[in-house]
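Residue numbers (mature numbering (1 follows the signal peptide of the UniProt record, and there is no 0)): -16 to -1, 1 to 579.
Laid out in structure tokens, this is it:
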């Protein structure tokens, strides 16, 4: 606890604003297509993409050889498969495949397949913590160079197994002479794997692959650090087949694509007449065989829109809300302060200054850290990415065929335009509904006592700027009581004492005594803490970025009620905010004035 005290006392103001509860800062925006801010952002993005493909702005890729389909997925979609916005461009150089590019056109999606395979793991109900040897007992072999008994299914699905990236595929027999010309020693063909080597032998059977795993070298000990592995998903599919009695194609259909209506998400090869086939070297039409779970699926903008919508909306047909939230948690670090690895999400938290033009790093106003759950995928001639901005209830699907460099530039352009706009809509809506004055009579005392509250929005979040009972400043009282009740082992709330409000995403339906149906939203107060450290010790700023204020929630109670819990009451039909309740004060509902 002493460490916690020391760290909290040196948090500068700007860091205090960034060091907040993980999750949404404000309620997710709704009715986006009715917002002028959102429509202007989409028009801006469309104009930018048109200019890139027309050669009016410079890009690092040849637009004549790039086909693209892009979608913005949101909670307001009228149908799960129809995005809020979509954009398509068929390259002038495309001569094969479809001539009518739309959301049903097929692309190779490469390693986006890994997210689909992990979805099958979740849907299967198989225990993720089972060792892989339970389902693939041939790997339980004392001669193996890899510790298979300590590798579970969750590690396979989350890039923490430490096993090889590939088997056979990583060999390039067809440039053997080139290796030798560059000084490598000559090899006999028997030195290569007995299967899976392009232009040397045939694809591996299941038995050959499992045998090859016994002689392969680990990249790292299990659960030590993320190491990218395609073969992990083949083994995961084998394990699920042993557990369910269904092969990968049947698992895909029965567990995911049929329940969610994703008919075009299939193992390669796809349908040539619907395919986006680029005019560059590509592997369209190839049969990826047992490698499909890690990188050999075909899909469409429509299907991946449906998939992301199921995650964002916590669709119970896919999984429970708790399972989905657990799926989005990071599993390990990537070696970067901005990146983490999930199951198998590539989680990125970009610098707010690059995402929000008005962000002020000195004050923390004008933007904040946004967490993006993405999965990238590449196949010869194809590059795909799906991304979730769960904080806003939004997703992005981006599929390209042609120049591999196009996707990154288009994706970054889209994020730089969309995120500030959607954040702005969230602030506009919260400002209309959640900002205001609230007044009522305490229901816990005879005759009632006057209670009132005020909320405001600043450049960071919603704030509880006033809370009064019978004329007493309750926020000031809480600051004083913190030092009295917890000051012996927790730090004082110092100076400014700004009380920020963040939604917890916990809500309950309720019927009021007058018959009105409402939703009660739990919010929590998070106090800003200012530095008062005065020291000449070296390293005094070392811990500034160690965010530990998340540990301070729910510490003070009054009569079994948390003193940092505030309840917003909304009309169940219209969503309008009707009032505010501070349960620890036994206020009952303080009606929003002006309603």
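Note that beta-carbon positions come from the ideal geometry of N, C-alpha and C, so glycine has one too.
In the DSSP output, which residue or residues are listed as bridge partners for residue 90? For this step, residue 90 is matched to residue 106 along the chain shown. In the DSSP output, where bridge partners are listed per residue, residue 90 has 259 and 284.
How long is the line joining the alpha carbons of residue 170 and residue 176, rounded to whole angstroms? As a first step, residue 170 is located in the chain shown; it is residue number 186 there, counting from the start. As a first step, residue 176 is located in the chain shown; it is residue number 192 there, counting from the start. When rounded, the distance between both Cα atoms is 12 Å.
Please state the DSSP three-state secondary structure of residue 524. As a first step, residue 524 must be located in the chain shown, where it is residue number 540. If DSSP states are grouped into helix, strand and coil, residue 524 belongs with coil.
Cβ shell of residue 127 (< 7 Å), same chain only, five flanking positions each side left out: As a position in the chain shown, residue 127 is number 143, starting the count at 1. Correct list, in chain order: 198.
Within 10 angstroms of its Cβ, does residue 84 collect 16 or more other Cβ (buried), or is it exposed? In the chain shown, counting from the first residue as 1, residue 84 sits at position 100. With fewer than 16 neighbouring CB atoms inside 10 Å of its own CB, residue 84 falls in the exposed class.
Would you mind listing the alpha helix (DSSP H) stretches within the region 368 to 447 that are 4+ residues and don't spill past its ends, in chain order? Every unbroken stretch of the alpha helix (DSSP H) spanning 4 or more residues and falling wholly within the region 368 to 447 is given here in chain order: 390 to 417.
Residues bridged to residue 466 [DSSP beta-bridge criterion]: Here residue 466 corresponds to residue number 482 of the chain shown, with the count starting at 1. Residue pairing by DSSP leaves residue 466 without any beta bridge partner.
Look at the alpha carbon of residue 53 and the alpha carbon of residue 145, and state the distance between them as a whole number of angstroms. Taking the first residue of the chain shown as position 1, residue 53 is located at position 69. Taking the first residue of the chain shown as position 1, residue 145 is located at position 161. For residue 53 and residue 145, the gap between their C-alpha atoms comes out near 34 Å.
Below 8 Å, can you find three or more Cβ-Cβ pairs linking the region 354 to 369 to the region 264 to 283? The way I'd put it, the region 354 to 369 does touch the region 264 to 283; three or more beta-carbon pairs between them come closer than 8 Å.
Could you check what DSSP says for residue 157 in three-state terms: helix, strand or coil? Numbered from 1 along the chain shown, position 173 holds the residue referred to as residue 157. It is helical.
Please determine, among 260, 219, 523 and 418, the residue with the shortest C-alpha to C-alpha distance to residue 86. As a working note, residue 86 is residue 102 in the chain shown. Ranking 260, 219, 523 and 418 by Cα distance to residue 86 puts 260 first.
What does the alpha-carbon distance come out to for the pair residue 409 and residue 491? The residue given as residue 409 occupies position 425 in the chain shown. The residue given as residue 491 occupies position 507 in the chain shown. Here the C-alpha atom of residue 409 lies approximately 22 Å from the C-alpha atom of residue 491.
Less than 6 Å between C-beta atoms, sequence neighbours within five positions excluded: which residues of the same chain meet that for residue 560? Along the chain shown, one-based indexing puts residue 560 at 576. Cβ within range, chain order: n/a, list empty.
If we ignore side chains and look at the alpha-carbon of each, how far apart do residue 167 and residue 318 end up? Here the question's residue 167 lines up with position 183 in the chain shown. Here the question's residue 318 lines up with position 334 in the chain shown. The alpha-carbon atoms of residue 167 and residue 318 are separated by roughly 34 Å.
Looking at residue 236 and residue 120, is the spacing between their C-beta atoms short of 8 Å? Against the chain shown, residue 120 aligns to sequence position 136. Against the chain shown, residue 236 aligns to sequence position 252. Judged by beta-carbon spacing, residue 236 lies beyond the 8 Å limit of residue 120, meaning their Cβ atoms are not closer than that value.
Beta-carbon proximity check, residue 23 vs residue 376, cutoff 8 Å: On the chain shown, residue 23 is found 39 positions in, with the first residue counted as 1. On the chain shown, residue 376 is found 392 positions in, with the first residue counted as 1. Not closer than 8 Å, so no.
Backbone secondary structure at residue 26 - three-state DSSP: Stepping through the chain shown from its first residue, residue 26 is reached at position 42. Helix at residue 26.
Residues of its chain near residue 454, where Cβ-Cβ distance is below 7 Å and the 5 sequence neighbours each way are ignored: Counted from its first residue, the chain shown places residue 454 at position 470. Answer for residue 454: 433 and 434, listed in chain order.
Can you tell me whether residue 58 is buried or exposed? The criterion is at least 16 other CB atoms within 10 Å of its CB, across all chains shown. Indexing the chain shown from 1 puts residue 58 at position 74. It counts as buried.
In terms of residues, what are the limits of the alpha helix (DSSP H) holding residue 106? Start at 1 with the first residue of the chain shown, and residue 106 comes out as number 122. Residues 96 to 108.
Locate the beta strand (DSSP E) running through residue 488, then write down its first and last residues. Here residue 488 is taken as the residue at index 504 of the chain shown, counted from 1. Boundaries of the beta strand (DSSP E) around residue 488: 483 to 495.
Proximity winner among 240, 107, 233 and 148, relative to residue 202 (alpha-carbon distances): In the chain shown, the residue the question calls residue 202 occupies position 218. Measuring C-alpha to C-alpha distances from residue 202 to each of 240, 107, 233 and 148 identifies 148 as the nearest.
Given 8 Å as the limit, is there contact between the region 499 to 509 and the region 542 to 555, that is, 3 or more CB pairs closer than that? Yes: at least three Cβ pairs fall under 8 Å.
Quick one: grab the DSSP three-state call for residue 115. Residue numbering aside, residue 115 sits at position 131 when the chain shown is read from its first letter. The answer is strand: DSSP assigns residue 115 an E or B state.
Thinking residue 326 and residue 426 are a contact (beta carbons under 8 Å), I'd like their distance in whole angstroms, please. Along the chain shown, read from residue 1 onward, the residue named residue 326 stands at position 342. Along the chain shown, read from residue 1 onward, the residue named residue 426 stands at position 442. Not really, about 46 Å apart at Cβ, beyond 8 Å.
Span of the beta strand (DSSP E) holding residue 504? Here residue 504 refers to the residue found at position 520 of the chain shown. According to the DSSP assignment, residue 504 belongs to the beta strand (DSSP E) that extends over 501 to 511.
Roughly how many angstroms lie between the CA atoms of residue -15 and residue 488, to the nearest whole one? Stepping through the chain shown from its first residue, residue -15 is reached at position 2. Stepping through the chain shown from its first residue, residue 488 is reached at position 504. Because the pLDDT of residue -15 is 43, which lies under 50, any placement of that residue in the model is unreliable, and the number read from its coordinates should be weighed accordingly. Roughly 28 Å between the two C-alpha positions.
Every unbroken beta strand (DSSP E) inside the region 3 to 90 [3 residues or more]: Complete beta strand (DSSP E) runs here, min 3: 51 to 58 and 69 to 73.
Counting C-beta neighbours from all protein chains within 10 Å, is the total for residue 479 16 or more, i.e. buried, or is it exposed? Sequence index remark: in the chain shown, residue 479 carries index 495 (1-based). In this predicted model, residue 479 has a pLDDT of only 40, less than 50, meaning its place in the structure is not dependable; the value taken from the coordinates is given anyway. With fewer than 16 other CB atoms across the displayed protein chains lying within 10 angstroms of its CB, residue 479 is exposed.
Is residue 353 closer than 8 Å to residue 63 when the C-beta atoms are compared? Residue 63 sits at position 79 when you count from the first residue of the chain shown. Residue 353 sits at position 369 when you count from the first residue of the chain shown. In this structure, residue 353 does not lie closer than 8 Å to residue 63 by Cβ.
Three or more C-beta pairs closer than 8 Å, one from the region 156 to 164 and one from the region 218 to 234: is that the case here? By the Cβ criterion, the region 156 to 164 is not in contact with the region 218 to 234, since fewer than three pairs of Cβ atoms, one from each stretch, lie closer than 8 Å.
So residue 190 is in the alpha helix (DSSP H); what residue range does that whole segment cover? Looking up residue 190 in the chain shown gives position 206. Counting along the chain, the alpha helix (DSSP H) containing residue 190 begins and ends at 190 to 197.
Please confirm whether residue 239 and residue 141 have their CB atoms less than 8 Å apart. The sequence position of residue 239 within the chain shown is 255, counting from 1. The sequence position of residue 141 within the chain shown is 157, counting from 1. No, the Cβ-Cβ distance between residue 239 and residue 141 is not below 8 Å.
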